[in-house]
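This report refers to the structure that appears directly beneath it.
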Amino acid sequence: MAEEKISSLTIPRLQAKKAAGQKIVAVTAYDFPTAKLAEAAGMDIILVGDSLGMVVLGYETTLPVTMEEMLHHTRAVARAVKRALLVADMPYFSFHLSAEDTIRNASRFLKEAGAKAVKIEGASPQRLKMVEALVEAEIPVMGHVGLTPQSIHRFGHYRLRGGEVAEAKKIIEEAKALERAGAFSIVLECMPEELAKVITEEISIPTIGIGAGGFCDGQILVFHDLVGLTEAGLPKFVKQYANLGSIILEALQNYAREVVEGTYPDEAHSYHLKPGLARFWKRSKGKRRVIELNSQR
Numbered sequence: 316m317a318e319e320k321i322s323s324l325t326i327p328r329l330q331a332k333k334a335a336g337q338k339i340v341a342v343t344a345y346d347f348p349t350a351k352l353a354e355a356a357g358m359d360i361i362l363v364g365d366s367l368g369m370v371v372l373g374y375e376t377t378l379p380v381t382m383e384e385m386l387h388h389t390r391a392v393a394r395a396v397k398r399a400l401l402v403a404d405m406p407y408f409s410f411h412l413s414a415e416d417t418i419r420n421a422s423r424f425l426k427e428a429g430a431k432a433v434k435i436e437g438a439s440p441q442r443l444k445m446v447e448a449l450v451e452a453e454i455p456v457m458g459h460v461g462l463t464p465q466s467i468h469r470f471g472h473y474r475l476r477g478g479e480v481a482e483a484k485k486i487i488e489e490a491k492a493l494e495r496a497g498a499f500s501i502v503l504e505c506m507p508e509e510l511a512k513v514i515t516e517e518i519s520i521p522t523i524g525i526g527a528g529g530f531c532d533g534q535i536l537v538f539h540d541l542v543g544l545t546e547a548g549l550p551k552f553v554k555q556y557a558n559l560g561s562i563i564l565e566a567l568q569n570y571a572r573e574v575v576e577g578t579y580p581d582e583a584h585s586y587h588l589k590p591g592l593a594r595f596w597k598r599s600k601g602k603r604r605v606i607e608l609n610s611q612r
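Dropping the structure here:
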């Protein structure tokens, strides 16, 4: 029987899901095995987020993440992704200087790493120009408003955005401006559910929520958060669907104990010589054993 061809989720098909009222499911991934699991689970979007800096590389913020780090991890994820729409985060200061520089950096994700689109945080006038330039260069762009982690030093902390009327109005206008600039979708992060609902209803492109309530067209979570690999300090909006951290810790502790006790490796996990060679080995001694064994090769 011929192998069934896997149909990739294109941007038009993703946008059609909003029109049809079908929820979009997204998750982050940073390596091949994680992406393979996400693909098997039927994710619509797999995002190689710059959050890898904090959950994989051990940075305190996303700011130190480099283009080369993002490209490296995107390549690994791309090797596993056949169906989902693969989106890569543009790291801090890779889209700030000029349209030419932004296009050059973004194109590497598509040409060298296998991504189908890039994600950019913010919607300032300068940022919108970058989005327009990328779209003109035929590089699909996902927007991101609300809490934007790359702005940590501007705001001083990670907190709810849009809780006040003026800020809420600003975020609505940012989302509309991103749509006009050509973004195919927008991430809405850490904002009141009511605000996300208004945005979702007022723009025609899909909204992907993270801490933005249940009215968004889709949802995204960080892989390590939802499977229980993050140690502590999870945001309110994160629901853990497993506690892999404790399972992995127990496995490692059991392994260490068995090695110390000498119970691993046991008979079931060891190799042995074939009977004829075993008898030869038993008769041989010292250097003679090594010489005779080498002569058999």
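Under this note's numbering, the first residue of the sequence shown carries the number 316, and numbering increases by one thereafter.
Note that CB positions come from ideal geometry on N, CA and C, so glycine has one too.
It should be emphasised that the depicted structure is a prediction, and the values quoted were computed from it without experimental measurement.
Residue i versus residue j: straight-line alpha-carbon distance, rounded
i           : j           : result
residue 321 : residue 595 : 54 Å
residue 512 : residue 483 : 12 Å
residue 486 : residue 342 : 23 Å
residue 303 : residue 576 : Residue 303 lies beyond the range of the chain shown here (316 to 612); nothing can be said about it.
residue 340 : residue 564 : 29 Å
residue 557 : residue 592 : 49 Å
residue 455 : residue 540 : 27 Å
residue 509 : residue 481 : 15 Å
residue 562 : residue 429 : 33 Å
residue 614 : residue 586 : This structure leaves residue 614 out entirely; the chain is present only between 316 and 612.
Buried/exposed call for residue i, threshold 16 Cβ in 10 Å
i           : result
residue 476 : buried
residue 400 : buried
residue 581 : exposed
Secondary structure of residue i, DSSP reduced to three states
i           : result
residue 411 : coil
residue 518 : coil
residue 432 : strand
residue 487 : helix
residue 504 : strand
residue 461 : strand
residue 512 : helix
residue 323 : coil
residue 442 : helix
residue 580 : coil
residue 392 : helix
Residue i and residue j closer than 7 Å at C-beta
i           : j           : result
residue 543 : residue 534 : no
residue 498 : residue 460 : no
residue 504 : residue 462 : yes
residue 432 : residue 457 : yes
residue 393 : residue 354 : no
residue 345 : residue 387 : no
residue 530 : residue 545 : no
residue 444 : residue 404 : no
Residues bridged to residue i [DSSP beta-bridge criterion]
i           : result
residue 534 : 340 and 524
residue 404 : 434
residue 362 : 343 and 402
residue 456 : 433
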